Amino acid sequence: MVLNENDRELIEACQRGDPEAFALLFDANSDKIYSIALRYAGDEAAAMDIAQDTFLKLLSHIGQFRSDAKFDTWLYRLVVNSCLDHQRRKRKLRPLLDGLLDAVCTVHETVLHELLRQERKEAVHDVVAKLPPEQRIVVILRYMEDLSYEHIADIVGCSIGTVSSRLNRAHKVLERRLSHLRRQGGTGRA
Amino acid sequence: MPKSDRDNTWLQPVLRQGLKRVTAPGELWNRIAMPPVDDRRAQPKRTFTWMLACASAAAASVLALAWGHYPGARFDFRSNNASEVRSWIHDRTGLDIPLATPSHPKVEMIGASVVQTGAVEIRYRAENQEVLLVVSRAGAALPEHEHLDMREIRYATSISWAAGRQAYTVSVQRAGDLRLACLGCHSESTI
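Okay, here's the thing in structure tokens:
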């Protein structure tokens, strides 16, 4: 059987509780889900939590999935919601030193790498991980998953104009912070 | 082409290259399913139970709420034993943090997490003052213990230095307690 996240038979087998079908579904989607979680959260431990949460939700709610809907859109929504839930939980669970770790890591890097006078190329994923959550998720869906504005709007639950606006704001930040990676003759895609 | 795409022709391939998918760790499956233990097979057959998976989801939610009462409670490794924390960090990152073992009586170790590639976060209390210690690798060019940089970050004070090819930043909420924070690694007579 050719694996495809929209494969109706595979989804229906999962809905019947077929463990092998779920294993196939996991294999087909685990890299995608984990990658989105990793680029959103910026660290592997949090990405594992988010990905685990997503697949457990999939297990719990696959019975509610309507066969006339697109499975991949439904799955994208699950991981996006898991990412946003993680963001909210992280804020609530660190009231005393809220944000301090990010600030300390920034200082840590700033002080010591300035001392070394080494030019650090900031990895794309580090810059993306620091975007505001609503911009971060649309950047990941656009550039990792190559989704259209319409599809992103459907997943995130906003208008196409809002997707465009969030990407526009994110691009301005990314252009500034990644300007050292600019190469001549880079081409865009329609 | 949407306006936000038109003006960023150099940025798009950079982002696509930088945001490529990665392979999910094998441990992810283990956290979701319960494969049978079978040492004879190279690839254990995957089986799971629906009830266990749903119970895991419920337990994870309860744990997340239960941990919420303790500030900074989400750690990769929780222990009040400095020796265990030190071993865990070394096993995970290769960093050797000279935490005082046994801990000074005024120090209560809380836990540690790997926070970025090559960096680790350690939290402990020094006489009821929460301390955050961040350690990562540093280049050989950094002077040993000679350079200390002290900064005020929001409502906390931090101090950074390098030693033994490792970079350290310790932060506390009030500048007056920085010396207490040093008890995580140093004896009282040396601070």
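Residue numbers (the numbering used here), protein chains in the order written: chain Z, 757 to 946; chain V, 841 to 1031. From the three backbone atoms N, C-alpha and C, an ideal C-beta is built for every residue, glycine too. All values derive from a computational prediction rather than experimental measurement.
(request) Examine chain V for any beta-carbon lying closer than 7 Å to the beta-carbon of Z:Gln820, and answer yes or no. (result) no
(request) Could you give the DSSP three-state label for V:Trp850: helix, strand or coil? (result) coil
(request) Would you check if the distance between the CB atom of Z:Val835 and the CB atom of Z:Ile893 is smaller than 7 Å? (result) Taking C-beta atoms as the reference points, Z:Val835 and Z:Ile893 fail to come closer than 7 Å.
(message) By alpha-carbon positions, which one of V:Asp916, V:Lys946, V:Val925 ends up nearest to V:Ile937?
(response) V:Val925
(message) Per DSSP, what are the beta-bridge partners of V:Met990 in this structure?
(response) Beta-bridge partners assigned by DSSP to V:Met990: V:Ile999.
(message) Taking CB distances under 7 Å as the criterion, tell me whether V:Ile950 reaches chain Z.
(response) By this cut-off, V:Ile950 is not an interface position.
(request) Find out if the Cβ-Cβ distance for the pair V:Gln1013, V:Ala996 is shorter than 7 Å. (result) yes
(request) Say whether the segment 864-873 of chain V touches the segment 781-789 of chain Z, bearing in mind that this needs 3 or more beta-carbon pairs closer than 8 Å, one atom from each stretch. (result) Yes, they touch.
(request) Have a look at the DSSP bridge pairing and note the partners of V:Thr933. (result) According to DSSP, V:Thr933 bridges with nothing at all.
(message) Here's the rule I'm using: 16 or more other beta-carbon atoms within 10 Å means buried, otherwise exposed. How should V:Val877 be labelled?
(response) Any reading at V:Val877 is ruled out, since the residue's pLDDT is 40, under 50, leaving its predicted position unreliable.
(request) Give the residues of chain C in contact with Z:Tyr790, contact being defined as C-beta atoms less than 9 Å apart. (result) No chain C is present in this structure, whose protein chains are Z and V.
(request) Out of Z:Ala801, Z:Leu831, Z:Tyr832, Z:Ser823, state which residue places its alpha-carbon closest to the alpha-carbon of V:Phe917. (result) Z:Ala801
(message) When you compare the CB positions of Z:Val884 and Z:Tyr905, do they come within less than 7 Å of one another, or not?
(response) no
(request) Check whether the Cβ atoms of V:Ala1002 and V:Ala1021 sit closer than 7 Å, and answer yes or no. (result) No; because the gap between Cβ atoms is not below 7 Å, this pair is not in contact.
(request) Identify which residue in V:Lys946, V:Leu851, V:Leu935 has its Cα closest to the Cα of V:Val974. (result) V:Leu935
(message) Mapping the DSSP letters down to three states, classify V:Met949 as helix, strand or coil.
(response) strand
(request) Note down the Cα distance separating V:Glu967 from Z:Gly773, rounded to an integer number of angstroms. (result) 53 Å
(message) Do Z:Ala793 and Z:Ala807 have their beta-carbon atoms positioned less than 7 Å apart in this structure?
(response) yes
(message) Cβ closer than 9 Å: which chain V residues qualify as neighbours of Z:Val884?
(response) Leu855, Gly858, Leu859
(request) Can you grab the Cα-Cα spacing for the pair Z:Leu814 / V:Leu939, in whole Å? (result) 42 Å
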